[in-house]
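A.B. asks: One structure, pasted below without further comment.
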Amino acid sequence: MSLENKTIAIIASNEFEDIELEYPLLYLSHQGADIKLVPVQSGHHPRPALTATESKPVTGRFGTPLPPEVMAEGNRYETVDFEDLTLEDLDCVLYPGGFSPDHLRVVPEVVEFTREAYEEGLIVASICHGPWMLVEADLAEGRDICAYEAIHTDLENAGATVVDEPAVQDGNIVTGRVPDDLPEFSEAVEAALEDHEAEPPTA
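If you read the sequence shown in the numbering used here, its first letter stands for residue 86, the second for the next number, and so on.
Encoded structure:
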């Protein structure tokens, strides 16, 4: 398995794009990666009428709760509180899209964690709306990035070069375009992690 001894934190908040979390979780765990699933309660809950937000799990746009009920055995991931994450234990931080990144980008601790992950040489991966986190953490400038069309202007305003490809790696940043590109994105994350040793990136 190509990713044995690699650890990936998938960080998501409410209204994440369900498949953009589930596909990388399954694919990368199948390649041997240790997956830390990190729900962060922020923003509008997609099921607001049921109970108070504080009593509900972080939930995707299409109803997937974290941790996912359909993977209740928990064999492919460990659920971890954000406060318990340490960069020293990780090789990659991954952000699914949907509206989760819009909620996370207003959580200063998550933004700073993203910036520090990059500075420590971890792979920082995101897909669809996920590159919003790169903008908020001041990591987009000078980078080739692909993303959902609706955030292209945001990326360009942040100094990125938007690339119309399924997936792109630029240094230790890996981005994907849309859900249909999840196979290419997941393979790009895998390739970036193979033989990866976390080192501060060069300019």
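All C-beta atoms in this analysis are idealised placements derived from N, C-alpha and C, irrespective of residue type, glycine included. Nothing here was measured: the structure is a model prediction, and the numbers come from that model.
Does the stretch 236-252 come within contact of the stretch 213-227, defined as at least 3 CB pairs closer than 8 angstroms?
C.D. replies: yes
A.B. asks: Which value, in whole angstroms, describes the spacing of the CA atoms of F167 and P124?
C.D. replies: Translated into positions along the sequence shown, residue 167 becomes position 82. Translated into positions along the sequence shown, residue 124 becomes position 39. In a straight line, the C-alpha of F167 is about 7 angstroms away from that of P124.
A.B. asks: Roughly how many angstroms separate the alpha carbons of R161 and Y112, rounded to a whole number?
C.D. replies: For the purposes of this step, residue 161 is taken as the residue at position 76 of the sequence shown. For the purposes of this step, residue 112 is taken as the residue at position 27 of the sequence shown. The alpha-carbon atoms of R161 and Y112 are separated by roughly 10 angstroms.
A.B. asks: In angstroms with no decimal places, state the Cα-to-Cα distance between E279 and F147.
C.D. replies: In the sequence shown, counting from the first residue as 1, residue 279 sits at position 194. In the sequence shown, counting from the first residue as 1, residue 147 sits at position 62. Their backbone Cα atoms lie some 32 angstroms apart in a straight line.
A.B. asks: How about R190 and W217: do their beta carbons lie closer than 8 angstroms?
C.D. replies: Against the sequence shown, residue 190 aligns to sequence position 105. Against the sequence shown, residue 217 aligns to sequence position 132. It is a contact, given that the beta carbons lie within the stated cut-off.
A.B. asks: By how many angstroms is the C-alpha of A202 removed from the C-alpha of P193?
C.D. replies: As a first step, residue 193 is located in the sequence shown; it is residue number 108 there, counting from the start. As a first step, residue 202 is located in the sequence shown; it is residue number 117 there, counting from the start. Taking the straight line joining both Cα atoms gives about 14 angstroms.
A.B. asks: If you run the structure through DSSP and keep just helix, strand and coil, what is F147?
C.D. replies: In the sequence shown, the residue the question calls residue 147 occupies position 62. F147: coil per DSSP, three-state reduction.
A.B. asks: Considering only residues of the stretch 197-241, which uninterrupted beta strand (DSSP E) runs meet the minimum length of 3 residues and lie entirely inside it, listed in chain order?
C.D. replies: 208-212
A.B. asks: Strictly by DSSP, which residues pair up with E163?
C.D. replies: Your numbering for residue 163 matches position 78 in the sequence shown. Its beta-bridge partners are K121.
A.B. asks: Identify, in the order they occur along the chain, each residue of the same chain with its Cβ nearer than 6 angstroms to the Cβ of E163, setting aside the five sequence neighbours on each side.
C.D. replies: Taking the first residue of the sequence shown as position 1, residue 163 is located at position 78. Taken in chain order, the residues that qualify are K121.
A.B. asks: L175 and L151: beta carbons closer than 8 angstroms?
C.D. replies: What you label residue 175 is simply residue 90 of the sequence shown in a count that begins at 1. What you label residue 151 is simply residue 66 of the sequence shown in a count that begins at 1. Result no, Cβ atoms of L175 and L151 do not sit closer than 8 angstroms.
A.B. asks: In the DSSP output, what is G183 paired with across the bridge?
C.D. replies: Your numbering for residue 183 matches position 98 in the sequence shown. Paired residues: F101.
A.B. asks: Is V209 closer than 8 angstroms to I258 when the C-beta atoms are compared?
C.D. replies: Locating residue 258 in the sequence shown gives position 173, where the first residue counts as 1. Locating residue 209 in the sequence shown gives position 124, where the first residue counts as 1. Closer than 8 angstroms, so yes.
A.B. asks: State yes or no: is the C-beta of T144 nearer than 7 angstroms to some heavy atom of the ligand GTP?
C.D. replies: Of ligands this structure carries none, so the ligand GTP is not represented either.
A.B. asks: Which residue's Cα is closest to the Cα of C213: G256, V165, D266 and E204?
C.D. replies: As a position in the sequence shown, residue 213 is number 128, starting the count at 1. Ranking the options by Cα distance to C213, first place goes to D266.
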